[in-house]
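What follows is one structure encoded as structure tokens, with my remarks underneath.
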Amino acid sequence: MDAKGFIMLVQEFKKHFFTELSDLYPETEIQSFFNILIEFKLRLSRVELALQSSLKFKNSELSFFQKALINLKNQIPIQYIIGETEFYGLTFKVNKNVLIPRPETEDLVDWILKDYQLQIENYELKNSKIKILDIGTGSGCIAISLAKNFPNAEVFAIDISSEAINTAKINARNNKVDIHFIEADVLTLSELPHKFDVIVSNPPYVRELEKEQMQTNVLANEPHVALFVKNDDPLLFYDKIAKLAKLYLNKTGHLYFEINEYLGDETVDLLKLKGFKNIQLKKDIFGVDRMTKATLI
Numbered sequence: 002m003d004a005k006g007f008i009m010l011v012q013e014f015k016k017h018f019f020t021e022l023s024d025l026y027p028e029t030e031i032q033s034f035f036n037i038l039i040e041f042k043l044r045l046s047r048v049e050l051a052l053q054s055s056l057k058f059k060n061s062e063l064s065f066f067q068k069a070l071i072n073l074k075n076q077i078p079i080q081y082i083i084g085e086t087e088f089y090g091l092t093f094k095v096n097k098n099v100l101i102p103r104p105e106t107e108d109l110v111d112w113i114l115k116d117y118q119l120q121i122e123n124y125e126l127k128n129s130k131i132k133i134l135d136i137g138t139g140s141g142c143i144a145i146s147l148a149k150n151f152p153n154a155e156v157f158a159i160d161i162s163s164e165a166i167n168t169a170k171i172n173a174r175n176n177k178v179d180i181h182f183i184e185a186d187v188l189t190l191s192e193l194p195h196k197f198d199v200i201v202s203n204p205p206y207v208r209e210l211e212k213e214q215m216q217t218n219v220l221a222n223e224p225h226v227a228l229f230v231k232n233d234d235p236l237l238f239y240d241k242i243a244k245l246a247k248l249y250l251n252k253t254g255h256l257y258f259e260i261n262e263y264l265g266d267e268t269v270d271l272l273k274l275k276g277f278k279n280i281q282l283k284k285d286i287f288g289v290d291r292m293t294k295a296t297l298i
């Protein structure tokens, strides 16, 4: 270490970083981890780093990278290590109390935005206050993304976890949107605060039998209450939310779900049984059944 407190070339540490993780992750993923950490801590892009081949870590910076390496070796998700992730062009704080937002959920947000943006442009909702409810909000990624892109929306968000609600409140404040947060267990709710134009939910939908298909870092770190349902009642949340939506969705409103890719037909059948119309089953960016949309009329 020199007199200014600088220690170790970044490129030297990079070699060590790749060597230590090579038995656990593909090289492309290790590169992605390194880029994310560099951008987060040093505020340098991959290109900017390449142009500074003699760059050295400060002692405090090296400590951060060493801790990150240990966490990655323990298969802690990179998003939890840096404490944030990007979703729909916005930055969200994440921690062990909330699921890490997935790209497929961005597809769901995009579907809603495109549906309602068209109505706004056609003046059907030009001066209306769209009421939106997000059930099982977690980090708040759906509710906040919709509020950010719909200035005329009044957005409500429900979650069973007080810790998740606290995280979502921070995300709403950081992204400069107003959300009405409600701590509640949707399975025990008998009423909602308003009627809504949009009810959306990405509820727990992974069956216990599907655990073996999941990555170790997800199973070991992300909150199980937000992920799993029992094998014998996998549509429990969809059933309850559909019942509430029958009572609290405006006649011209839409119910949107993110769903289990293996239970697309079953989810559509449930919505039919509940009396919903115009049911659409939509694939995500990976080509699997991932979303539904339904109306009451």
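Note that the sequence shown covers residues 2 to 298 in our numbering.
We put the beta carbon where it would ideally sit given N, CA and C, even for glycine.
Just so we're clear, the structure is a prediction, and the values are computed from it rather than from any experiment.
- Uninterrupted alpha helix (DSSP H) stretches at least 4 residues long and entirely within the stretch 26 to 84 occur at 28 to 43, 47 to 51, 60 to 74, 79 to 83, given in chain order.
- Counting every other CB atom within 10 Å of its CB across the protein chains shown gives H255 a total of 16 or more, marking it as buried.
- Counting of Cβ neighbours within 10 angstroms places T217 among the exposed residues, the total staying below 16.
- Residues of the same chain with a CB within less than 7 Å of the CB of L271, apart from the 5 flanking positions on each side, are L236, Y239, D240, A243 in chain order.
- For D198, the closest C-alpha among the options L114, N75, D285, P27 is that of L114.
- Between N176 and K149, the C-beta spacing is below 8 Å.
- CA-CA distance, A221 to I71, rounds to 15 Å.
- H195 sits away from V156, with the two beta carbons spaced by 8 Å or more.
- For the pair N261 and V207, the CB atoms are nearer than the 8 Å cut-off.
- Nearest to I79 by C-alpha distance, out of F35, K247, L43, L147, is F35.
- Taken in chain order, the complete beta strand (DSSP E) segments of 3 or more residues contained in the stretch 161 to 248 are 180 to 184, 197 to 202.
- Y81 and N96 have their C-alpha atoms roughly 5 Å apart.
- Residues of the same chain with a CB within less than 8 Å of the CB of V269, apart from the 5 flanking positions on each side, are I280, L282, T293 in chain order.
- DSSP places E259 in the uninterrupted beta strand (DSSP E) bounded by 250 to 259.
- Just so you know, the alpha carbons of L73 and I183 end up roughly 34 Å apart.
- For F14, the enclosing alpha helix (DSSP H) has its first and last residue at 11 to 22.
- Here N150 carries a helix assignment [DSSP, helix/strand/coil].
- In terms of Cβ geometry, E223 and I101 form a close pair [threshold 8 Å].
- If you draw a straight line from the Cα of V178 to the Cα of I145, it comes to about 7 Å.
- Comparing alpha-carbon positions, the option among F14, I171, G141 lying closest to A69 turns out to be F14.
- The straight-line gap separating the alpha-carbon atoms of I161 and A227 is approximately 9 Å.
- Annotated as proximal: T138 and I159, with beta-carbon spacing under 8 Å.
- It is roughly 21 Å from the alpha-carbon of L109 to the alpha-carbon of Y249.
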